[in-house]
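To convert, note that position 16 of the sequence shown is 15 in numbering that gives the first Met the number 0; the numbers rise steadily by one, no gaps. For each residue, glycine too, the CB sits at the ideal point set by N, CA and C. Predicted, not measured: the structure shown is a model, and the values here were computed from it.
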Amino acid sequence: MTSAPTGRPPRRPVPASGRRTARLTAFTTLSPLLRLLILTQLAFNIGFFAVLPFLSEHLGQSVGMAGWLVGFVLGLRTFSQQGLFVVGGALADRYGIRPVVLAGCVLRIAGFAWLGFAEWTGAVVGAVLLIGFAAALFSPAVESEVARQAVVWEETAGGDRTRVLALFTVAGQAGAFVGPLLGALLLAVDFRTVCLAGAGVFVLVLAGHAWLLPQRVPGRVQVRVKGGARLVLRNRRFLALCCAYGAYLLAYNQLYLALPAEVERAAGSQTPLAWLFALSSLLVVTAQLPVTRWAGERLVPRRSMVAGLVLIAAGFAVVGLALPAGWTGRGGLLPAAGFVVLLTLGQMLVAPVARAWVPDLAEEGRLGLYTGALSSVSGLIVLAGSSATGLLLDTGLPGVVPWLVLAAVPLAAVALLPGRA
0 MTSAPTGRPP
10 RRPVPASGRR
20 TARLTAFTTL
30 SPLLRLLILT
40 QLAFNIGFFA
50 VLPFLSEHLG
60 QSVGMAGWLV
70 GFVLGLRTFS
80 QQGLFVVGGA
90 LADRYGIRPV
100 VLAGCVLRIA
110 GFAWLGFAEW
120 TGAVVGAVLL
130 IGFAAALFSP
140 AVESEVARQA
150 VVWEETAGGD
160 RTRVLALFTV
170 AGQAGAFVGP
180 LLGALLLAVD
190 FRTVCLAGAG
200 VFVLVLAGHA
210 WLLPQRVPGR
220 VQVRVKGGAR
230 LVLRNRRFLA
240 LCCAYGAYLL
250 AYNQLYLALP
260 AEVERAAGSQ
270 TPLAWLFALS
280 SLLVVTAQLP
290 VTRWAGERLV
300 PRRSMVAGLV
310 LIAAGFAVVG
320 LALPAGWTGR
330 GGLLPAAGFV
340 VLLTLGQMLV
350 APVARAWVPD
360 LAEEGRLGLY
370 TGALSSVSGL
380 IVLAGSSATG
390 LLLDTGLPGV
400 VPWLVLAAVP
410 LAAVALLPGR
420 A
């Protein structure tokens, strides 16, 4: 896969014969491998989101961690996942996706089981690191192959790769919709049961992929790991995209840190949190493909990402500006719901476009490395930003301050985007 001379994704006209297929992006029109990988994302997120939304409260209430430490642990989980994606991506380039995906599933099972029994800070940190590193193995392998297969689909069927990646996002959000509901149901027993259920989902994923995932993927070039980091560090346009995407991911991570604190303030408990996560996932499942089609017909990639980042900033501002009123109860949850809606709409515009942009910036045979690097830079940003956010939420400043500071982050990211495309 070669870089475009300008390092930017060109507008890709769709032939008339393929236009209807491109608009529908029907699951059944995709290759068996693409269908398997999309269903993989669904299963991954069911197991993951059965646990993650309830981790913050568990660490604060059951383990007794301070707010800044909770933020640090959540950021550490993201860093050990996103920050080490570059490792998983490079390994996928070198050895293929099958061994990397299977190893990641084994580690995720062990991590969830460990977290369920962890009762002190050191054990929690170890489990969280294992959970994150597991995803650092399997996620870039799956995502890079989906991106590569999306380009193949674009070239052979005349469609738009962004719509395939949007379908991948829809599958992930469908899992994120089911996961919190499953977790909320099992939380009535205890947090350990939630963790063991998440581990059980990955046992099923491991068995299914050991059976169905091919040993070698046709057309995937395997390369040596050595020398890849230098290529990434020299690619300024790619690094600019990484920084902008990292700011988006930091904003998205507030679903697990700032949002639970706001829901607790407004409702007196975190019971409504599962429904807000469900709202976000339902929006993506129902609206991602129409939004992607609309944006693809009207906006070049950079403008799509700008629009998404502005919507995300507006979501933080909604909560920040409403906080001085001190609303509680059902009415007090409306700003939080507005935040979730605007953040999700922004995500729909940012995430598929950013992933679709990467193949145009990656050298031949290095797509796994570049896909991993996109998330690794983001993980560094989230690690630093989550600790700072936890500190802001814990310092006793007026509630409007952290939310408006967070609103400024995606706005600043607009200036980091690569040149017009």
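List the whole-angstrom C-beta distance separating residue i from residue j, where the pair is believed to meet the contact cut-off of C-beta under 8 Å.
i           : j           : result
residue 252 : residue 385 : 6 Å
residue 70  : residue 256 : 6 Å
residue 91  : residue 143 : 6 Å
residue 249 : residue 130 : At roughly 19 Å, the Cβ-Cβ gap does not stay under 8 Å, so residue 249 and residue 130 are not in contact.
residue 46  : residue 197 : 5 Å
residue 67  : residue 398 : Going by Cβ atoms, the distance from residue 67 to residue 398 rounds to 17 Å, so no, they are not a contact pair.
residue 308 : residue 410 : 7 Å
residue 105 : residue 212 : Their Cβ separation, rounded to whole angstroms, is 14 Å, which puts residue 105 and residue 212 out of contact at 8 Å.
residue 373 : residue 244 : 6 Å
residue 83  : residue 140 : Between residue 140 and residue 83 the Cβ distance is about 13 Å, and since that is not below 8 Å, they are no contact.
residue 174 : residue 273 : In fact, because the Cβ distance is near 14 Å, the residues do not count as touching under 8 Å.
residue 162 : residue 292 : 7 Å
residue 113 : residue 133 : Not confirmed; about 11 Å, so no contact.
residue 97  : residue 214 : 6 Å
residue 371 : residue 85  : 4 Å
residue 75  : residue 128 : 7 Å
Specify the secondary structure class of residue i as computed by DSSP and reduced to three states.
i           : result
residue 215 : coil
residue 256 : coil
residue 44  : helix
residue 401 : helix
residue 88  : helix
residue 354 : helix
residue 189 : coil
residue 365 : coil
residue 395 : coil
residue 63  : coil
residue 50  : coil
residue 409 : helix
residue 343 : helix
residue 183 : helix
residue 414 : coil
residue 83  : coil
residue 29  : coil
Roughly how many whole angstroms lie between the Cα atoms of residue i and residue j?
i           : j           : result
residue 369 : residue 305 : 22 Å
residue 159 : residue 78  : 31 Å
residue 48  : residue 351 : 20 Å
residue 375 : residue 361 : 15 Å
residue 283 : residue 277 : 10 Å
residue 147 : residue 344 : 25 Å
residue 421 : residue 180 : It is not possible to answer for residue 421, since the shown part of the chain is limited to 0 through 420.
residue 395 : residue 275 : 25 Å
residue 280 : residue 93  : 34 Å
residue 346 : residue 247 : 8 Å
residue 405 : residue 312 : 7 Å
residue 182 : residue 193 : 6 Å
residue 65  : residue 57  : 12 Å
residue 35  : residue 235 : 34 Å
residue 414 : residue 303 : 14 Å
residue 37  : residue 354 : 15 Å
residue 332 : residue 294 : 30 Å
residue 240 : residue 188 : 43 Å
residue 334 : residue 233 : 42 Å
residue 238 : residue 231 : 8 Å
residue 190 : residue 115 : 7 Å
residue 21  : residue 149 : Here residue 21 scores only 42 on pLDDT, less than 50, and its place in the model should not be relied on; the value that follows carries that caveat. Each residue's alpha carbon lies about 12 Å from the other.
residue 201 : residue 324 : 44 Å
residue 27  : residue 328 : 45 Å
residue 296 : residue 62  : 50 Å
residue 326 : residue 336 : 13 Å
residue 52  : residue 262 : 12 Å
residue 363 : residue 152 : 17 Å
residue 408 : residue 310 : 12 Å
residue 108 : residue 199 : 7 Å
residue 60  : residue 119 : 12 Å
residue 377 : residue 392 : 22 Å
residue 55  : residue 40  : 23 Å
residue 298 : residue 271 : 35 Å
Taking one C-beta from the stretch 162-182 and one from the stretch 283-300 each time, how about it: are there three or more such pairs within less than 8 Å? Enough Cβ pairs lie closer than 8 Å, so yes.
Of all the alpha helix (DSSP H) runs that stay within the bounds of the stretch 95-171, which reach a length of 4 or more residues? If we require 4 residues or more, the alpha helix (DSSP H) runs fully inside the stretch 95-171 come out as 96-116, 120-156.
So, does the stretch 298-317 touch the stretch 199-215, judging by three or more C-beta pairs under 8 Å? They do not touch, by the three-pair rule.
Report the residue ranges of all alpha helix (DSSP H) runs contained in full by the stretch 260-338; include only those spanning at least 4 residues, in chain order. With a minimum length of 4 residues, the continuous alpha helix (DSSP H) runs that stay inside the stretch 260-338 are 272-297, 300-321, 328-331.
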